[in-house]
Structure formats: C-alpha cells, structure tokens
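Visitor: Provided herewith is a single structure, encoded as structure tokens, for subsequent inquiry.
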Amino acid sequence: MFTPDTLTGKSILVTGGGSGLGLSMAKGFASVGANVAICGRTEDKLKSAAAEIQAVAQPGVKVLTHAVDVRDFDAVGVMMKRLVEEFGSLEGLLNNAAGNFLAPSESISPNGFKSVVDIVLHGTFNCTQHFGNYLIDSGRQGSILNIVTTYTETGSAFVLPSACAKAGVYAMTTTLAYEWGTYGIRVNSIAPGPFPTEGAWSRLLPTKEIQEAYLKKVALGRVGKHEELANLATFLMSDMSAYMTGECVTIDGGERLSGGEFNLFVTNFERKTLKDMFNAMRPKK
Ligand code: HXC
C-alpha cells in the first residue's frame, strides 16, 4: 500500500516517541520518507530511540530529539519553534504521550488524577495549540493525529483519570476538525486496543492471570502487532487520507465490543484482591 516516498516532504512530531507505540509509529513514518522528531521526558531514551528510527529511515531523512514534558506549555512552544527552524517546516503532529495507572477510583489522590489529566489532556492541548498556531500563521496545511483509547466512549473501571482525559482528547479531535478545517488542518484520532508495550503492560495488565482473562475479551483472540498500528497512523498522516477529518479509527481486534476495556476486573476478580494488588503498585511516599 505504501511506497518509500509516501510521507516524503513531511516533517512529523511524535510526542512520547522515545518508546512503545510512539516509537513504532515514528519508525513507520521515517520508513516511508518523513522527517521525524520525537519528544519525551528522558533524553537518553530519546537518543537510543532516534538511532532505531534512523536505522529504518529512508536515505536523507532527518531525525531529531527534544527533551520536554508536554505538561509545560512554554517549553512545548520552544520545542515547536526549534523543530520548525531545523526542519524548515512541520506538517504533522502525533499526540501520543500518555500516562495511566490502575486504581480504585475511590482511592485516587487529587494529584494522581491531575497527573494523568495533565499529561493526556493538557499535554495534547499544549502541543496542538502551538502546532495549530504555527500552521495558521504560516498559511500551511497539516495533520494532527491523537491517540485515544477504546474506552473513550464506554468509560472503563479502574482507569478513571485516563478515561476522562481521553474523552476530552476525542472532543478536541472533533471540535478542532471542524473549527480548523477551513485552514486545511485535518484532525483525526486512533483508538488502539491491545498492542503490548513495556509501559502499558506492566501498569495495566500486571499479572499472567489478568493478561489471559483480558485476551478472552479480544474477538480476534490475539494482541496487535505494532506494525499494524504504524500502518494505520501512516495512512492517516499521509495524503491518502486527505478527505478524512474528525474521524476516530479503532484498531483493537474487536476488543471494544466486549465492553469497557478494564471492566473485566469487576466481573472476574474479587474487589479486595484487586484493591490489594493496585495499592501495592502505588508509589510509596
Ligand atoms: C495510585 C498513583 C499511581 C498508582 C502514581 N500515582 N501511580 N496513584 N496508583 N499506580 C499518583 C502518585 O501517588 C502521585 O500522587 C501522582 O499520581 C503523581 O505521581 P508521580 O509519580 O509523582 O507523577 P509523574 O512522575 O508525573 O508520573 C505520572 C504518572 C506515571 C502518570 C503517574 O505513571 C507516568 O509517568 N506514566 C507515563 C507512562 C505511562 O503511564 N504509560 C502508559 C500509558 S498507556 P500523590 O497524591 O501521591 O502525590 C495507556 C493505554 C491504555 O494509557 C490501553 C492499554 C491496554
């Protein structure tokens, strides 16, 4: 479906691109010709990720890294300015950076709720507004892709801050798709189901027993391959999808059809066992 120049001429920023799904999608973009910038909180992680991206990139592709916490509006602005200077222009933004943890909602601290909402919702706003202003001021067209979740619509037990924040990101997708459509800015989102990563798996499916129960929810009976997600992201970033905006594409092997992603905890496990397990995962003061 793609050719080596599917994204040639585009420069794309991937937030949270130093590992996991962000890194896989960044590799996908560079492998079909896009210049790619990845940002995240840890410089060392970004440097080794950049080497991985460069290794699969088309010849001549530039890969940049920028250490930033997407919660910091001004620092995001500094990053955006630098990337435009170094690439010459910026055509794509993939809002992938996220935070999440499992916890009974009645025991989440205000700061725990705020941390996730700050990263997911405010972080997405910070990057999107800076990018949108750049595009509008320079009269350029661009594409914004937001990573949401399959529980954006249904909600899900034990991930309250993430469910609330991702629903907000979905609202940002549809709101801005219409408002900024007139500038030629497209805004879409992807709701990925189970694509194993170190970060998400250890936090959200911490035991073998839970992983087995979870897999039974997936209609296709298997987890996703990172390449499958990267292909969808590449399509949505490319001009092949030039008439799509305000859309959310789910890629989850049918997982969402069995109900809120982590509702299985409510039906399959004792509440007391869960509380003990989730509390053990909570950072110690
Ligand atoms: C209860 C918790 C907690 C836990 C953190 N907190 N972990 N509360 N249970 N397991 C609380 C802390 O006690 C603290 O509140 C507050 O959250 C902030 O924690 P910090 O560690 O100080 O904050 P910070 O360093 O900013 O970390 C943010 C984070 C962390 C979201 C809490 O987990 C993180 O950085 N995550 C990034 C990577 C990640 O989460 N990846 C997974 C995304 S995948 P107090 O009150 O004590 O100060 C995803 C896809 C879903 O979302 C689908 C998968 C199948």
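Residues in the sequence shown are numbered consecutively from 533, following my numbering.
Where is the CB? At the ideal position from N, CA and C, for every residue including glycine.
These numbers come from a predicted model, not from an experiment.
Candidates E685, R803 and L761: which alpha carbon is nearest I783's?
Guide: Residue 783 sits at position 251 when you count from the first residue of the sequence shown. Looking at the Cα atoms, L761 is the closest of the given residues.
Visitor: Confirm, please, whether the CB-CB distance from A709 to G664 is below 7 Å.
Guide: Start at 1 with the first residue of the sequence shown, and residue 664 comes out as number 132. Start at 1 with the first residue of the sequence shown, and residue 709 comes out as number 177. Against a cut-off of 7 Å, the Cβ pair of A709 and G664 comes out as no contact.
Visitor: Using DSSP with H/G/I as helix, E/B as strand and the rest coil, what is I783?
Guide: Position 251 of the sequence shown holds residue 783. Strand.
Visitor: What three-state label does DSSP hand V568 in the structure shown?
Guide: In the sequence shown, residue 568 corresponds to position 36, counting from 1. V568: strand per DSSP, three-state reduction.
Visitor: Mapping the DSSP letters down to three states, classify R735 as helix, strand or coil.
Guide: Looking up residue 735 in the sequence shown gives position 203. Note: R735 maps to helix in three-state DSSP.
Visitor: Can you find the residues in the same chain that come closer than 7 Å, C-beta to C-beta, to T656, ignoring five residues on each side of it along the sequence?
Guide: On the sequence shown, position 124 is the one that residue 656 refers to. Taken in chain order, the residues that qualify are N627, N678, V701 and M704.
Visitor: Assuming T547 is part of the beta strand (DSSP E), what are its boundary residues?
Guide: Sequence index remark: in the sequence shown, residue 547 carries index 15 (1-based). Residues S543 to T547.
Visitor: Who are the near neighbours of V649 in its chain, counting only those whose CB is closer than 6 Å to its CB and skipping five residues on each side?
Guide: Along the sequence shown, one-based indexing puts residue 649 at 117. P693 and A697.
Visitor: In three-state DSSP terms, what is V602?
Guide: Along the sequence shown, read from residue 1 onward, the residue named residue 602 stands at position 70. If DSSP states are grouped into helix, strand and coil, V602 belongs with coil.
Visitor: Where does G791 sit, in a helix, a strand or coil, going by DSSP?
Guide: For the purposes of this step, residue 791 is identified with residue 259 of the sequence shown, where counting begins at 1. Three-state result, G791: coil.
Visitor: Thinking A635 and G792 are a contact (beta carbons under 8 Å), I'd like their distance in whole angstroms, please.
Guide: Taking the sequence shown and counting its residues from 1, one reaches residue 635 at position 103. Taking the sequence shown and counting its residues from 1, one reaches residue 792 at position 260. Rounded, the Cβ-Cβ distance is 15 Å, inconsistent with contact.
Visitor: Anyone know if the C-beta pair for F605 and V564 falls short of 7 Å?
Guide: The residue labelled residue 605 in the question sits at position 73 within the sequence shown. The residue labelled residue 564 in the question sits at position 32 within the sequence shown. In this structure, V564 does not lie closer than 7 Å to F605 by Cβ.
Visitor: Where does G778 sit, in a helix, a strand or coil, going by DSSP?
Guide: Residue 778 sits at position 246 when you count from the first residue of the sequence shown. If DSSP states are grouped into helix, strand and coil, G778 belongs with coil.
Visitor: Count Cβ pairs between the segment 612-630 and the segment 793-808 that sit closer than 8 Å; are there 3 or more?
Guide: No contact exists between the segment 612-630 and the segment 793-808.
Visitor: Would you call the CB atoms of A765 and M557 closer than 7 Å?
Guide: Taking the first residue of the sequence shown as position 1, residue 765 is located at position 233. Taking the first residue of the sequence shown as position 1, residue 557 is located at position 25. Their beta carbons are under 7 Å apart, which means A765 touches M557 by this criterion.
Visitor: Apart from the five residues just before and just after Y746, which ones in its own chain have a Cβ nearer than 8 Å to its Cβ?
Guide: Here residue 746 refers to the residue found at position 214 of the sequence shown. Cβ neighbours of Y746 beyond the five flanking positions: P726, L737 and L796.
Visitor: On the CB-based measure, 16 or more other CB atoms within 10 Å of its CB, does V691 come out buried or exposed?
Guide: Position 159 of the sequence shown holds residue 691. So V691 counts as buried.
Visitor: Hey, V750 and P728: beta-carbon distance below 7 Å or not?
Guide: As a position in the sequence shown, residue 750 is number 218, starting the count at 1. As a position in the sequence shown, residue 728 is number 196, starting the count at 1. No, Cβ-Cβ distance for V750 and P728 is not below 7 Å.
Visitor: Residue range of the beta strand (DSSP E) that A723 falls in?
Guide: Numbered from 1 along the sequence shown, position 191 holds the residue referred to as residue 723. Here the beta strand (DSSP E) through A723 covers I717 to P724.
Visitor: For V588, collect the residues of the same chain with a Cβ closer than 8 Å to its Cβ; drop the 5 residues on either side in sequence, then sort them by chain order.
Guide: Taking the first residue of the sequence shown as position 1, residue 588 is located at position 56. So the qualifying residues of the chain are K559, A562 and S563.
Visitor: Between the alpha carbons of S639 and N811, how many angstroms are there, rounded?
Guide: Within the sequence shown, residue 639 is the residue found at index 107, counting from 1. Within the sequence shown, residue 811 is the residue found at index 279, counting from 1. For S639 and N811, the distance between alpha carbons rounds to 9 Å.
Visitor: Mind checking which residues open and close the beta strand (DSSP E) that includes S675?
Guide: Position 143 of the sequence shown, counted from the start, is the residue given in the question as residue 675. Run containing S675: G674 to I679, per the beta strand (DSSP E) assignment.
Visitor: Does any heavy atom of the ligand HXC sit closer than 6 Å to the C-beta of M524?
Guide: This structure cannot settle anything about residue 524, because the visible part of the chain is limited to 533 through 817.
Visitor: Could you give the uninterrupted runs of the beta strand (DSSP E) lying entirely in the segment 608-644, keeping only those of 3 residues or more?
Guide: Within the segment 608-644, the complete beta strand (DSSP E) runs of at least 3 residues are 624-627.
Visitor: With distances taken Cα to Cα, identify the nearest neighbour of K594 among V600, G541 and A629.
Guide: Counting from one through the sequence shown, the residue named residue 594 turns up at place 62. That would be G541, whose Cα lies nearest to the Cα of K594.
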